[in-house]
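Each residue of the sequence shown is one higher than the one before, counting from 36 in this note's numbering. Beta carbons: idealized from backbone N, C-alpha and C, even for Gly. For clarity, every value in this text was computed on a predicted model and none was experimentally measured.
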Amino acid sequence: MDLLENKGVPIDKQSLTWKDMAGKPISKLDDEAFTRVRIILMNALELDALRLSHVGARMNGELRQSLAEIRRVEQHQATAVNGLLSADHSPLETTIAYEQVAVEVTAAVAQREPDPYLAQVYRFGLLEDFDHLYRYSALLDRLEGKDSNNILQGHTDIAPGRPTVDGHRAPVDDLRLPYGRDANFLTKLHATLITAAECQTHDYYMTIGPMFADPVARQLYAEIASVEEQHMTQYGSLLDPRQSFLELWLLHEATEVYGYYSCARSESNPRIREMWERFCDYELGHLHHVCGLFRQYEKRDPAEVLARTLPAPLEFKSQRDFVRDVLAAEVDLRANGVDFVKLARESPVSREYRRRINADGSPSTRVATAYHWTSGTELNRSLKAA
């Protein structure tokens, strides 16, 4: 796909009806798990596009009309994508799906990232999201009596990662070195993609956490939402702060094209694949429009920021073996400023922060006490023992 020549669908031709935006959802159990992964990932990108657009509109008067026009389409696309999740997903089951996205997509990105430092950043965060999946699986088993593997479909292991109780860090130890202006195009796409995914996860946990009556559940969502904010800080700091707003907007539109393109190439559900293809064409229209603004206001060629062709599509498949290898080799890594260090060299500032925030105990530890994932839930193990 030639990003600079393919103009996609013009913005004034992009339109969705209410029926388009609230169409038939997927089947929770019959559709492939990675269809749900794609849905959650692309909803994250669309919501992040809205977030960036609103921030940009506050400080760029000359861009407000273009931002508003594209933002309206992005909002409708987000509604259509998010509406694909069926109503029979409980909030906790959706949480399991969110963490599967974090594990599988971050693992896929970490393996393809050309910058060794950024690849290490992704592996570091991956092991914390892997542990979140384990803690929420324990909560799902004990609160709803459900096996999280019904959602994961055997693609993702359910086991401890870097313990969530040890993942709380002082803000200074969540900042990372940004990529430079000459960074690989794929590096820029990866950072935009993963930052968007973490933002959505944080906001979802902040929204549904207070809806639980169970005190341990409420505290667990509070604890993990705090770590997700750390991840937002970590991944967001990878973006070059010297980039102008128009550069960021251009890269975001390119990332959305890349996301939909990757989804369309691997989607197993023909009806959903048709949506990915349609929205990929819409995003090409957005990208082409922003290219024009970039030329007009910055007097620069978009080719300075974008590659002409997209990288190979993101792979949506089980990354189990890679995750196991990273877990075995790097679970004891900690942060000290922008560096990743062995446990003994962890930042004393983070140790003190953790001592204070865990003073009353850790809900992530409490929820998984004596928990070991068992096919069919813990009740099934008890029945077999009897």
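To the nearest angstrom, report how far apart residue i and residue j are at their CA atoms.
{"i": "residue 342", "j": "residue 406", "result": "48 Å"}
{"i": "residue 173", "j": "residue 252", "result": "10 Å"}
{"i": "residue 222", "j": "residue 214", "result": "8 Å"}
{"i": "residue 185", "j": "residue 95", "result": "47 Å"}
{"i": "residue 112", "j": "residue 296", "result": "15 Å"}
{"i": "residue 367", "j": "residue 291", "result": "34 Å"}
{"i": "residue 86", "j": "residue 274", "result": "16 Å"}
{"i": "residue 387", "j": "residue 205", "result": "8 Å"}
{"i": "residue 246", "j": "residue 153", "result": "36 Å"}
{"i": "residue 61", "j": "residue 307", "result": "9 Å"}
{"i": "residue 69", "j": "residue 120", "result": "12 Å"}
{"i": "residue 401", "j": "residue 235", "result": "26 Å"}
{"i": "residue 227", "j": "residue 271", "result": "8 Å"}
{"i": "residue 210", "j": "residue 54", "result": "43 Å"}
{"i": "residue 380", "j": "residue 371", "result": "7 Å"}
{"i": "residue 58", "j": "residue 309", "result": "13 Å"}
{"i": "residue 403", "j": "residue 219", "result": "41 Å"}
{"i": "residue 106", "j": "residue 333", "result": "21 Å"}
{"i": "residue 265", "j": "residue 114", "result": "27 Å"}
{"i": "residue 166", "j": "residue 40", "result": "43 Å"}
{"i": "residue 336", "j": "residue 326", "result": "8 Å"}
{"i": "residue 267", "j": "residue 259", "result": "12 Å"}
{"i": "residue 148", "j": "residue 225", "result": "7 Å"}
{"i": "residue 389", "j": "residue 66", "result": "41 Å"}
If you count every other CB in all the chains shown that lies within 10 Å of the CB of residue i, and 16 or more means buried, which is it?
{"i": "residue 103", "result": "exposed"}
{"i": "residue 230", "result": "buried"}
{"i": "residue 356", "result": "exposed"}
{"i": "residue 433", "result": "The structure shown does not extend to residue 433, since the chain spans only 36 to 421, so no value can be given for it."}
{"i": "residue 360", "result": "exposed"}
{"i": "residue 408", "result": "buried"}
{"i": "residue 216", "result": "exposed"}
{"i": "residue 311", "result": "buried"}
{"i": "residue 354", "result": "buried"}
{"i": "residue 303", "result": "exposed"}
{"i": "residue 392", "result": "exposed"}
{"i": "residue 330", "result": "exposed"}
{"i": "residue 98", "result": "buried"}
{"i": "residue 344", "result": "exposed"}
{"i": "residue 71", "result": "buried"}
{"i": "residue 136", "result": "buried"}
{"i": "residue 323", "result": "buried"}
{"i": "residue 422", "result": "The chain is shown only over 36 to 421; residue 422 falls outside these bounds and no answer can be derived."}
I believe residue i touches residue j by the beta-carbon criterion, under 8 Å. Please report the beta-carbon distance rounded to the nearest angstrom.
{"i": "residue 56", "j": "residue 118", "result": "6 Å"}
{"i": "residue 75", "j": "residue 132", "result": "6 Å"}
{"i": "residue 319", "j": "residue 42", "result": "6 Å"}
{"i": "residue 168", "j": "residue 191", "result": "7 Å"}
So, with DSSP's three-state summary, where would you put residue i?
{"i": "residue 470", "result": "The structure shown has nothing for residue 470, since the chain only spans 36 to 421."}
{"i": "residue 211", "result": "coil"}
{"i": "residue 142", "result": "helix"}
{"i": "residue 41", "result": "coil"}
{"i": "residue 230", "result": "helix"}
{"i": "residue 371", "result": "strand"}
{"i": "residue 70", "result": "helix"}
{"i": "residue 191", "result": "coil"}
{"i": "residue 344", "result": "strand"}
{"i": "residue 398", "result": "helix"}
{"i": "residue 46", "result": "helix"}
{"i": "residue 408", "result": "coil"}
{"i": "residue 78", "result": "helix"}
{"i": "residue 198", "result": "coil"}
{"i": "residue 52", "result": "coil"}
{"i": "residue 123", "result": "coil"}
{"i": "residue 216", "result": "coil"}
{"i": "residue 117", "result": "helix"}
Measuring from the CB of residue i, is there a heavy atom of the ligand FMN at a distance below 8 Å?
{"i": "residue 326", "result": "The ligand FMN is not part of this structure, which contains no ligands at all."}
contact_flag[the stretch 39-55, the stretch 188-197] where n(CB pairs < 8 Å) is 3 or more:
no
Cβ contact (3+ pairs, closer than 8 Å) linking the stretch 122-131 and the stretch 149-159
no
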